[in-house]
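Novice: Here the sequence shown is numbered in this note's numbering, starting from 75 and rising by one per residue. The beta carbon of each residue, even a glycine, is placed where N, CA and C say it ideally should be.
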Amino acid sequence: MVTLAFIEVGSFILRFVGTCAVFYPFFLCRTIGAGDIKLMGVVTGFLGVWDGMLVIGLGMVFAAAAASYRMIKQGTVWFRLERAARFAVETGIKGRLTEYPGYFEKESLLRLGPYLFAGYCLFLLIQ
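#1: Taking just the CA atoms, how far does F97 sit from I111?
#2: For F136, which of Q201, V76, L198, Y194 has the nearest alpha-carbon?
#3: For G187 versus L132, is the C-beta spacing smaller than 7 Å?
#4: Pick out whichever of V151, R160, T172, W124 has its Cα sitting closest to the Cα of L102.
#5: Rounding to the nearest angstrom, what Cα-Cα distance links A79 and L184 in this structure?
#6: Spatial neighbours of A140 within its chain, please: C-beta separation below 8 Å, excluding the five flanking residues on both sides.
#7: Give me the Cα-Cα distance between G92 and V116, rounded to the nearest whole angstrom.
#8: Please give me, in chain order, every unbroken run of the alpha helix (DSSP H) with length at least 4 that falls completely inside the region 150-181.
#9: Straight-line CA distance for Q148 to A158?
#10: In the DSSP assignment, the alpha helix (DSSP H) including R89 goes from what residue to what residue?
#11: According to DSSP, simplified to helix, strand and coil, what is I111?
Structure below.
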């Protein structure tokens, strides 16, 4: 019985750390916050790899829809696409991860927590 508990805890920790490792480069570029990555790690730790990735994917779809709506409403779609393209080219030229421009603009930040929760709710509905 105790051995089974250790296996479950070890499995949780492995999934948590693995998810955090996958998303860590996005944190280094300042495109995702550390809290969002830890939340994704906890989701994957509790639900398992495939269900956790489904919830994260659904949450990202909700976040993308919200970000698109916000950019259209603000009229900044082309500006942000240009900035993202410039970031990708600059990172490729330098050959290393660089910081995403505009990270410290408070009006452009999008917290992923509510969207991951929406992804989890949709996951529960389709399960």
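Specialist: Quick answer:
#1: The straight-line gap from Cα to Cα measures roughly 6 Å.
#2: Y194
#3: The beta carbons of G187 and L132 sit no closer together than 7 Å.
#4: T172
#5: A79 and L184: Cα-Cα distance of roughly 37 Å.
#6: Result list for A140: L184, Y189, in chain order.
#7: About 11 Å.
#8: 151-168
#9: C-alpha of Q148 to C-alpha of A158: approximately 17 Å in a straight line.
#10: 76-102
#11: helix
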